[in-house]
Each structure stands twice: as C-alpha cells, then as structure tokens.
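Right, one structure below, let's go through it.
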Amino acid sequence: RLLVVTDPRTDHQPLTEASFVNIPVIAFCITDSPLRYVDVAIPCNNNGALSIGFMLWMLAREVLSMRVTISRVLKWYVMVDL
6 RLLVVTDPRT DHQPLTEASF VNIPVIAFCI TDSPLRYVDV AIPCNNNGAL SIGFMLWMLA
66 REVLSMRVTI SRVLKWYVMV DL
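Numbering of the sequence shown is given in our numbering, commencing with residue 6 and proceeding in unit increments.
See below:
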C-alpha cells in the first residue's frame, strides 16, 4: 500500500488519514508545499497538467525498472511531448 499525492496542500485530508494507518506517502512538491506526513518528497512543478503527467510517467517507469520488468540500459523509444 502506498499513497501518491500530486499536491500536499490540496490533498491534506488523504495525507492525514494515511498517517493514522501508517501508509507511506510520496508527494510531488514545490518549494512552499507543506511536508507534514510526507515520507518522500519529489521536487517538481506540480501546477501544470503536463508536468504532473510527466512525473507520474517517470515514477511508473522507475517502478517498472526496479521490478526488472524493463531494463535501465535500453533506449527510450518514446518521445516525451512537452
């Protein structure tokens, strides 16, 4: 079980409830985001839809490479459209 939050300021209720049941939290944060109840803070721009989509794609790719579903040494055949 894991909670991924895109903005700790607006998602304060799920953060508080996750702390009650000891669920780890990963949050995409900007410089003035509150870090209470956040276990792992990933600094990024969480104001734009494209940047949030890109960060979720990068997080999913890292999880797949940690599970050895995809290789880290292969080239990316996907052009990220920003």
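We put the CB at the ideal spot given by N, CA and C, even for glycine.
The closest CA to that of Leu7, considering only Phe59, Tyr42, Tyr82, Cys49, is found on Tyr42. The beta carbon of Asp44 is closer than 8 angstroms to those of Pro29, Val30, Ile31 in its chain, skipping five residues each way along the sequence. Between Phe25 and Val10, the C-beta gap is not smaller than 9 angstroms, which leaves the two residues out of contact. Counting other Cβ atoms within 10 Å of its Cβ, Ala65 stays below 16 and is therefore classed as exposed. In the structure shown, Pro48 falls within a strand segment according to DSSP collapsed to helix, strand and coil. When secondary structure is reduced to three states using DSSP, Val83 falls in the coil class, being assigned neither helix nor strand.
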